[in-house]
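The listed protein sequences derive, respectively, from chains A and B. For this note's numbering, count along the first sequence from 1 and bump the result up by 73. For this note's numbering, count along the second sequence from 1 and bump the result up by 73.
2 protein chains.
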Amino acid sequence: MRSDPGVEKSLQELERRSAEAGQPVTVQRRAALRALVRHLDHPTAEAIYADVVAELPGVSKATVYRALDNLVELGLARKVHHQDSVTRYDGNSERHHHLVCRGCGRIEDIASDALDALPVPELGRNGFEVHDVFITFQGICRDCRRASRARRRSK
Amino acid sequence: MRSDPGVEKSLQELERRSAEAGQPVTVQRRAALRALVRHLDHPTAEAIYADVVAELPGVSKATVYRALDNLVELGLARKVHHQDSVTRYDGNSERHHHLVCRGCGRIEDIASDALDALPVPELGRNGFEVHDVFITFQGICRDCRRASRARRRSK
DNA sequence: CTCCGTGCAAAAGGTTTGCACTGGT
DNA sequence: ACCAGTGCAAACCTTTTGCACGGAG
C-alpha cells in the first residue's frame, strides 16, 4: 500500500482538530485513524485493534477503544449500528448512507443527492431538534442471495 | 388498562403466524408480545422482561430473550439499534421511522408520506436487493435540550 | 512537577448456551 | 407421546473502568 493521500489528509485533520480541542495526538491515535481510514468496510473495534496491534505491538485493547472514542468525538469517525451486537466504525466523513446486508451484515456506503435532499418533516412540533439523518437500506447482497439460493436448492 | 383491541389483534397474529411456522404459542411468548405492544417507547429486552416477570413470576431472562427473537422471526417485532449498546424492540409494524435523542437515547416514532416516497437509488447495479428502508433522525429532544442548557448555565 | 494517556487486568453489562425438565400440540 | 420451549446458571463477548506508570509540556 502506498501512502494514500486520503490518509494524509485525515491525519492532518486529526492534527488540526486535536489542537483545536486541546488534545494530544499520540501514536496510538494516529495508528487508529490510519487503520480506520484504510478500511472501506466499516470495521469493528476488534478489526481496528488487530491492525493497530500489528503496527504497534503491545497496545492495549482499551487504548484502541479510547482512541476510537476520541476520533468520534473529533468528528473523524462515526459509529454505525445494526443487528450485529458489535459496534462498527465508519471513517468516511462525507455525507452518505448505508446499505446493510441481512445475510452477512456487510455494510456498503451509498451516496445520493436525492437522499440528501430528504425533507425533514415537521419536527419542532414536539421540540425535537434534528441534527442529522441516517438512512439505511436493508436487503440482501449479491453473495448472500446466491448462497441462500444454493442452500434452498440443496434442501 | 382495558383490553386494547390492538393487543388482541397482535395476539391473533401471533397465533396465526406461529401455526404457519409450526411453532408453539406459549404463555411466555404471549406475555412478551403483550408487553411489547403495550410499550410505545421502544423498550429494551430488560424492560420487557420486567413486564413479563410481573405477570409471570419465575420466567427466566433467557426465555424473554428467546421469545423476543421469536417475535422478530415471525415479523411481529423489530430490533432497533442506535448508539446505546442495548438492543431495543419495536412492536409497531406499520411503516414508520425514528427520531433518536442523542442525550437520553429515547426513540420516538415518526411517520411521513414524504419519507415513504423516498426514491430508492440505483441499487441492483451492485446486485444488492433492497427490502426495507430505515430512516433515523438524530438530534436532541426537548427535555435534553433544556437539561443541557441548564447545565451550561450552572457551570 | 503536573497532567493525561497508556497498559493491564478486572469489572461490567447484555446476550447466548448447555442441560435437564416441563409443557404445548 | 414427542418435540420444542423453559429455567437456571454458567459462559461469552464487547466495552468500560480503576489504578499505577511514564512521557510530554
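Ideal Cβ placement from N, Cα and C applies to all residues, glycine included.
Check, Outcome
"Can you list, in chain order, the residues of its chain with a C-beta nearer than 7 Å to that of A/Val137? Leave out the 5 residues immediately preceding and following it.", "Ala105, Ala118, Ile121, Tyr122 and Val125"
"Let me know the beta strand (DSSP E) ranges lying completely inside the region 125-175 of chain B, each 3 residues or longer, listed in chain order.", "151-153, 161-163 and 170-174"
"Cα separation between B/Arg111 and B/Gly164?", "8 Å"
"Could you check where the beta strand (DSSP E) with A/Thr100 kicks off and where it finishes?", "The residue you asked about is not Thr; residue 100 of chain A is Val in the sequence shown. Looking at the DSSP string, A/Val100 is not in any beta strand (DSSP E); the run it does join, the alpha helix (DSSP H), is Val100 to Arg111."
"Return no unless some Cβ of chain B is closer than 7 Å to the Cβ of A/Pro192.", "yes"
"Determine the burial state of A/Ala223: buried for a count of at least 16 other Cβ atoms within 10 Å of its Cβ, exposed for fewer.", "exposed"
"Quick one: residues in its chain with C-beta nearer than 6 Å to the C-beta of B/Gly176, no 5 flanking neighbours on either side, listed in chain order?", "Ile213 and Cys217"
"Which class does B/Gly95 belong to by DSSP, given the choice of helix, strand or coil?", "coil"
"By DSSP's criteria, A/Val203 is part of a beta bridge. Which residues make up the other side?", "B/Gly212"
"If I'm right that A/Ala150 touches A/Leu109 with Cβ under 8 Å, what's the distance once you round it to whole angstroms?", "6 Å"
"Which of the three DSSP states, helix, strand or coil, is assigned to A/Asp189?", "helix"
"Among B/Glu128, B/Val173 and B/Phe201, which has the Cα closest to the Cα of A/Gly200?", "B/Val173"
"From B/Leu113, B/Val159 and B/Ala190, pick the residue whose C-alpha is nearest to that of B/Val80; which is it?", "B/Leu113"
"Excluding the 5 residues preceding and the 5 following B/Asp157 in the sequence, name in chain order all residues of the same chain whose CB lies nearer than 6 Å to its CB.", "Gly178"
"Please report the distance separating the alpha-carbon of A/Arg89 from that of B/Ser91.", "57 Å"
"Indicate whether A/Val145 and B/Phe210 have their beta-carbon atoms separated by less than 7 Å.", "no"
"Give me, in chain order, the residues of the same chain whose beta-carbon lies closer than 6 Å to that of A/Ala184; leave out the 5 immediate sequence neighbours on both sides.", "His169"
"Within a Cβ cutoff of 8 Å, which residues of the same chain sit near A/Lys152, ignoring the five residues on either side of it in sequence?", "Val145, Thr160, Arg161, Tyr162 and Asp163"
"Along the chain, where does the beta strand (DSSP E) containing A/Asp77 start, and where does it finish?", "Looking at the DSSP string, A/Asp77 is not in any beta strand (DSSP E), and its letter there is neither H nor E."
"So A/Arg102 and A/Leu84 are in contact, right, with Cβ under 8 Å, and what is the actual spacing, rounded?", "10 Å between Cβ atoms; not a contact."
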